[in-house]
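Numbering (the working numbering), first residue to last: 2 to 610.
Each residue gets a CB set at the ideal place from its N, CA and C atoms; glycine is no exception.
Report on the structure given below.
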Ligand code: M6R
């Protein structure tokens with residue numbers, strides 16, 4: 002979704018703004034722009050298209066300034082166009098403003114402002130904010146923005162500059178994230194930390210209902226009501242090198258190959274190889290929460306929802322506890338029943354997905370406790386929850402989630418083990434055997450990844466295939482869903498994920514030589530049933546690809562290609578089965594020359610509903 006960048010200091014900010022926007026590209030966008038204060042007024046450049054187009058526009062029509070803001074726009078209200086690209090300016094052209102979010106009451110505000118004489122030049126909801134700031138401006142940009150945000154309904158992170166109150170950026174937050182970075186004689190604003198890492202590791206996170214005034218010397222914070230807020234800077238533990246490609250063609254490829262380390266890091270210091278105990282003390286969740294809960298609800302969207310489904314099978318098997326997995330957007334609309342014996346997990350790599358955040362807040366009012374399972378321990382979800390299960394996966398830049406999915410599964414495996422141990426559902430010998438196998442998973446993942454070249458060759462051979470059916474059962478049903486999602490989101494190929502048992506209830510009608518079935522068939526408790534599914538596809542002339550254990554002659558005999566994985570415990574097969582599917586999707590998209598890291602229409606974190 003939209004990205005905001007800001008920089009105020011002594012140097013020309015334009016190169017930093019452009020570079021910052023480049024580092025926000027992964028969030029998803031269709032147009033971009035910057036505005037700087039240049040002594041005479043506001044200089045602005047905007048384009049429909051990519052940051053490289055904006056850089057070219059600035060090269061052809063240079064602007065400079067020591068205080069500026071920039072934006073990547075993901076269109077909601079108004080089509081992608083130069084006119085609708087941010088920053089937007091007021092009637093007088095002295096104020097420039099960028100916004101992430103949606104102004105829900107923009108229509109009534111627009112009508113009112115138009116009646117008062119303001120002239121609108123865009124189709125966006127955002128433009129009402131800059132006119133409101135203009136209306137309330139009496140010499141202080143901070144006071145004008147404070148008055149403006151009091152009239153807004155909806156979600157917003159906003160930043161503005163004005164030639165009538167120069168040398169500062171004023172920002173406000175109510176929903177989408179905003180983080181401030183403290184450099185030497187320069188201060189930065191960003192929607193997330195990736196653009197800041199190259200300037201500083203000292204940051205402060207804005208909270209909802211806050212206004213920040215950034216100057217070269219730092220930032221001060223106050224509430225929308227005007228009460229000062231004291232905030233200490235925090236030091237980031239992410240390194241700048243973590244947001245580079247390190248020789249891979251795409252971030253997604255790099256992130257796929259980092260997955261074994263993600264599992265290692267998620268497990269680190271949380272398991273005992275002596276007795277199999279799992280320690281989740283770092284989550285901040287009260288130990289009683291486990292003992293007092295008799296039901297678990299997992300809330301998420303997209304790939305995180307698929308991780309939640311894997312979590313359900315783990316929890317059911319290990320802890321013998323009832324588990325519901327819910328789409329956050331659906332749960333919000335329902336009369337969902339939960340009580341003080343329900344433990345809720347909000348699963349989100351970004352910790353900022355609007356629906357998951359809202360559902361998690363609803364749950365907090367009803368449930369025993371709410372835990373955020375996230376890769377961003379400073380995210381809105383982390384702050385809204387009772388505890389945080391941090392993935393420690395490092396920054397994920399590719400829009401298609403890969404390493405955070407594996408990190409989520411590892412975190413949920415730990416949670417299931419800890420829950421089972423707290424409830425006495427798992428004895429020490431079984432705990433130890435499971436933890437020891439979990440520790441071996443990263444090595445096995447590396448073995449699967451070492452076979453990437455064969456998967457690339459297969460992906461190239463299947464480039465002409467336009468329809469895929471991904472089949473899996475039990476704990477690999479979510480992996481079938483995830484494999485199909487990966488393929489469609491980055492290679493724009495039609496793919497459906499189904500539970501193997503559902504095939505005869507409809508999808509089998511689709512099987513012919515134009516439909517390839519990708520069967521996830523490790524030798525687990527549903528192995529024979531999956532083999533039957535494969536036979537049914539074969540009998541109808543469908544092409545078959547399989548993910549199976551090393552040396553599985555039965556699965557290989559039926560499939561045109563088999564992507565093999567080492568044997569492991571039934572419950573941990575998803576860590577391995579998902580890898581060939583990610584690689585298949587990646588190589589299908591890369592071979593087609595598609596924009597793998599920034600697929601069309603998608604945003605890395607969906608911060609509007
Ligand atoms: O940040 P989150 O994990 O909450 O994001 C949820 C989904 O938007 C995300 O998983 C999406 O489906 C990805 N594009 C999947 O690759």
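Provide the residue(s) that pair with residue 49 in DSSP beta bridges, ordered along the chain.
Within the DSSP secondary-structure output, residue 49 pairs in a beta bridge with 32.
Closer than 8 Å: is that where the CB of residue 530 sits relative to any heavy atom of ligand 1?
no
Using 8 Å as the cut-off, classify the Cβ of residue 566 as near or not near the heavy atoms of ligand 1, replying yes or no.
no
Comparing the CB of residue 1 with every heavy atom of ligand 1, is any distance shorter than 8 Å?
What is shown of the chain runs 2 to 610, which leaves residue 1 out entirely.
Please list the terminal residues of the continuous beta strand (DSSP E) segment that includes residue 296.
296-301
Please name the residue in 598, 315 and 342 whose C-alpha comes closest to that of residue 613.
Absent from the structure is residue 613, since the part of the chain shown begins at 2 and ends at 610.
Between residue 561 and ligand 1, is the CB less than 8 Å from at least one heavy atom?
no
Beta bridge counterpart(s) of residue 497 as assigned by DSSP:
470
Inter-residue Cα distance where the pair is residue 1 and residue 211:
Since the displayed the chain opens at 2 and closes at 610, residue 1 lies outside it and no answer follows.
CB residue 103 to CB residue 59, shorter than 9 Å?
Their beta carbons are not under 9 Å apart, which means residue 103 does not touch residue 59 by this criterion.
Residue-chain proximity (residue 407, chain C), Cβ-Cβ < 9 Å:
Absence of chain C from the displayed structure is noted, only one protein chain being present.
Considering only the alpha carbon of each residue, which of 235, 238 and 256 lies closest to residue 245?
Distances from the alpha-carbon of residue 245 to those of 235, 238 and 256 put 256 closest.
Could you tell me if residue 236 is buried or exposed, where buried requires 16 or more neighbouring beta carbons within 10 angstroms of its beta carbon?
With fewer than 16 Cβ atoms within 10 Å of its Cβ, residue 236 is classed as exposed.
Are the Cβ atoms of residue 130 and residue 149 separated by less than 9 Å?
yes
So, for residue 441: in the same chain, excluding its five sequence neighbours on each side, which residues have a beta-carbon less than 8 Å away from its beta-carbon?
569
Taking the alpha helix (DSSP H) that residue 563 belongs to, which residues open and close that run?
First-last for residue 563: 562-566, but that is the beta strand (DSSP E), not the alpha helix (DSSP H).
For residue 447, which residues from the same chain have a beta carbon less than 6 Å from its beta carbon, with the 5 sequence-adjacent residues on both sides left out?
261
Taking buried to mean at least 16 other C-beta atoms within 10 Å of its own C-beta, is residue 616 buried or exposed?
Only positions 2 to 610 of the chain appear in this structure, which leaves residue 616 out of reach.
Which listed residue (511, 411, 353 and 405) has its alpha carbon closest to that of residue 101
353
Contact set for residue 309: own chain, Cβ-Cβ below 7 Å, skip 5 residues either direction
299, 301, 326 and 348
Please list, in chain order, all residues of the same chain as residue 304 whose beta carbon is under 7 Å from its beta carbon, the five residues on each side excluded.
402, 406, 483 and 486
Residue 390: first and last residue of the uninterrupted beta strand (DSSP E) it sits in
388-391
Could you check which residue in 221, 223, 43 and 87 has the C-alpha nearest to that of residue 49?
Nearest C-alpha to residue 49: 87.
Collapsed DSSP secondary structure at residue 118 in the structure displayed:
coil
Ligand 1 heavy atoms versus the CB of residue 259: any closer than 8 Å?
Distance from the C-beta of residue 259 to the nearest heavy atom of ligand 1 is not below 8 Å.
Cutting at 7 Å between CB atoms, please list the residues of its own chain near residue 422, excluding the five before and the five after it.
278, 279 and 432
Comparing the CB of residue 607 with every heavy atom of ligand 1, is any distance shorter than 8 Å?
yes
Using the three-state DSSP reduction, which class does residue 291 fall into: helix, strand or coil?
helix
Is it true that the CB of residue 157 sits closer than 9 Å to the CB of residue 96?
no
Nearest-angstrom beta carbon gap, residue 64 and residue 44 [assumed within contact, 8 Å]
4 Å
Would you say the segment 451-466 touches the segment 576-590, given that touching needs at least three Cβ pairs under 8 Å?
yes
Measuring straight from C-alpha to C-alpha, what distance separates residue 492 and residue 589?
6 Å
Whole angstroms are fine: how far does the CA of residue 276 sit from the CA of residue 430?
8 Å
How many angstroms separate the CA atom of residue 532 from the CA atom of residue 522?
Distance between the alpha carbons of residue 532 and residue 522: 7 Å.
Relative to ligand 1, is the shortest distance from any of its heavy atoms to the C-beta of residue 305 smaller than 8 Å?
yes
Only counting runs of 4 or more residues, tell me where the alpha helix (DSSP H) segments fall wholly within the segment 438-485, in order along the chain.
453-462
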